[in-house]
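Chemist: The sequence shown lines up with residues 9 to 230 when you count with our numbering. Quick reminder that beta carbons are idealized off the backbone N, C-alpha and C, glycines included. As the structure is a computational prediction, the values presented were derived from the model and not from experiment.
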Amino acid sequence: MIHFIIEKEFKEACPHFRGVAIFADITNSLLSKPLWEEINLTTHNLRQEYTTEDIKLLNPIKATRALYRTLGKDPSRYRPSAEALLRRILQSKALYQINTAADLINLASMEHGYSIGGFDLDKIQGDCISLGVGKKEELYEGIGRGALNIENMPVYRDAVGGFGTPTSDHERTKLNISTKNLLAIVNGHDGNLGNTTACAKRIVELSQKYCHCQNCKIITFE
9 MIHFIIEKEF KEACPHFRGV AIFADITNSL LSKPLWEEIN LTTHNLRQEY TTEDIKLLNP
69 IKATRALYRT LGKDPSRYRP SAEALLRRIL QSKALYQINT AADLINLASM EHGYSIGGFD
129 LDKIQGDCIS LGVGKKEELY EGIGRGALNI ENMPVYRDAV GGFGTPTSDH ERTKLNISTK
189 NLLAIVNGHD GNLGNTTACA KRIVELSQKY CHCQNCKIIT FE
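As structure tokens, this is what we get:
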């Protein structure tokens, strides 16, 4: 089982952090039409409820933006993924269709406001994941972004290096249709363990409905 370590530099910047990790065996697919019916309904409801200015006030997004500023990173230039997803749909743009596991994580992120990392557990090296702060010129290839400047950004690292940030996950560990073992991490920068756990349970629920999830396990780390 993977164990998590939070490095001192991150802990000092975000002392109330509560992370929740979901481990699950899944059967992924390229597309789930019933899942996209849920996504489209949620998209419609969110467009009725929020504006792009409103979402900055949602506690999970507000806390992540504040953390970025504390670390010296511009959250408007390097938007956390939950904010980027919500801004996209509120601007009446279509949501990206990736694969079922990634799509359901995006749905949970939009519903709860948390930036969530979704990873192929088999591609993570070693039995320890550390949460720290990106270093100057640290190499990182964001999904669909190419080289991403992660200096002063929260970053998860395994034995090889960085593989997850609230802005973008790494190409090396991304989910694809051959993924069998899912690791999802809910980033609770707002310190609300109840809400982060609810978000994690939603991921499990969606995984059971659309990815034939088995052997699901939720753990918290702080």
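1. Name the two residues that bound the continuous alpha helix (DSSP H) containing Asp111.
2. From this set, Ile185, Asn67, Ser37, which residue's C-alpha is nearest Ser123's C-alpha?
3. Reducing DSSP to helix, strand and coil, say where Arg73 ends up.
4. Suppose contacts are defined by Cβ-Cβ distances below 9 Å. Is Thr175 in contact with Tyr164 by that definition?
5. Taking a contact to mean a Cβ-Cβ separation below 9 Å, would you say Phe171 touches Phe127 in this structure?
6. With the cut-off set at 9 Å, would you say Thr205 and Ile185 are in Cβ contact?
7. Taking C-alpha atoms, which residue in Cys224, Cys221, Asn195, Cys136 lies nearest to Ser89?
8. From this set, Arg180, Cys136, Ser117, which residue's C-alpha is nearest Glu15's C-alpha?
9. Per the DSSP calculation, Lys149 is bridged to which residue(s)?
10. Given a cut-off of 9 Å, decide if Arg55 and Leu318 are closer than it, judged by their beta-carbon atoms.
11. Does the distance from the C-beta atom of Val141 to that of Leu214 stay below 9 Å?
12. Alpha carbon to alpha carbon, how far is Lys64 from His24? Give it in angstroms, no decimals.
13. Give a yes or no on whether the C-beta atoms belonging to Met161 and Lys70 are separated by under 9 Å.
14. How far does the alpha helix (DSSP H) with Tyr58 in it extend, from its first residue to its last?
15. Among Thr72, Gly134, Thr50, which has the Cα closest to the Cα of Cys22?
16. In whole angstroms, give me the CA-to-CA distance for Gly27 and Tyr58.
17. With DSSP collapsed to three states, give me the class of Phe229.
18. Can you pull the DSSP bridge partners for Gly169?
19. Report the residue from Glu149, Leu183, Gly202 whose alpha carbon sits nearest the alpha carbon of Ser37.
20. Anyone know if the C-beta pair for Ile132 and Thr181 falls short of 9 Å?
21. Classify Asn104: buried if its beta carbon has 16 or more other beta carbons within 10 angstroms, exposed otherwise.
Modeler: Here's the rundown:
1. Residue 111 sits at position 103 when you count from the first residue of the sequence shown. Taken as a continuous stretch (DSSP letters only), the alpha helix (DSSP H) holding Asp111 covers 108 to 120.
2. Numbered from 1 along the sequence shown, position 115 holds the residue referred to as residue 123. Residue Asn67 is the option with its Cα nearest to Ser123.
3. Mapped onto the sequence shown, residue 73 falls at position 65. Helix, per DSSP.
4. Working through the sequence shown from its first residue, we reach residue 175 at position 167. Working through the sequence shown from its first residue, we reach residue 164 at position 156. Contact flag unset, no.
5. Within the sequence shown, the letter at position 163 stands for residue 171. Within the sequence shown, the letter at position 119 stands for residue 127. Yes, these two residues count as a Cβ contact at 9 Å.
6. To locate residue 205, count along the sequence shown from 1; it is residue 197. To locate residue 185, count along the sequence shown from 1; it is residue 177. No, Cβ-Cβ distance for Thr205 and Ile185 is not below 9 Å.
7. Against the sequence shown, residue 89 aligns to sequence position 81. The candidate whose alpha carbon is nearest that of Ser89 is Asn195.
8. As a working mapping, residue 15 is identified with position 7 in the sequence shown. Here the closest residue by C-alpha is Cys136.
9. Here residue 149 corresponds to residue number 141 of the sequence shown, with the count starting at 1. The question names Lys, yet the displayed sequence has Glu at residue 149. Per DSSP, Ala155.
10. The chain is shown from 9 up to 230; residue 318 falls before or after that span and cannot be answered.
11. Taking the sequence shown and counting its residues from 1, the one referred to as residue 141 is at position 133. Taking the sequence shown and counting its residues from 1, the one referred to as residue 214 is at position 206. Going by C-beta atoms, Val141 is not nearer than 9 Å to Leu214.
12. Residue mapping note: residue 24 aligns to position 16 of the sequence shown, counting from 1. Residue mapping note: residue 64 aligns to position 56 of the sequence shown, counting from 1. Roughly 19 Å separates the two Cα atoms.
13. As a first step, residue 161 is located in the sequence shown; it is residue number 153 there, counting from the start. As a first step, residue 70 is located in the sequence shown; it is residue number 62 there, counting from the start. Result no, Cβ atoms of Met161 and Lys70 do not sit closer than 9 Å.
14. Residue mapping note: residue 58 aligns to position 50 of the sequence shown, counting from 1. Unbroken run through Tyr58: none, as it is neither H nor E.
15. Counted from its first residue, the sequence shown places residue 22 at position 14. When each option's Cα is compared against that of Cys22, the closest is Thr72.
16. Along the sequence shown, one-based indexing puts residue 27 at 19. Along the sequence shown, one-based indexing puts residue 58 at 50. Their backbone Cα atoms lie some 26 Å apart in a straight line.
17. As a first step, residue 229 must be located in the sequence shown, where it is residue number 221. If DSSP states are grouped into helix, strand and coil, Phe229 belongs with the strands.
18. Stepping through the sequence shown from its first residue, residue 169 is reached at position 161. DSSP lists no partner for Gly169.
19. Reading the sequence shown from its first residue, position 29 is the one you call residue 37. Closest by alpha carbon: Leu183.
20. Counting from 1 along the sequence shown, the entry for residue 132 is found at position 124. Counting from 1 along the sequence shown, the entry for residue 181 is found at position 173. A contact, by the Cβ cut-off of 9 Å.
21. Working through the sequence shown from its first residue, we reach residue 104 at position 96. Residue 104 is actually Tyr in this sequence, not Asn. Burial call: exposed.
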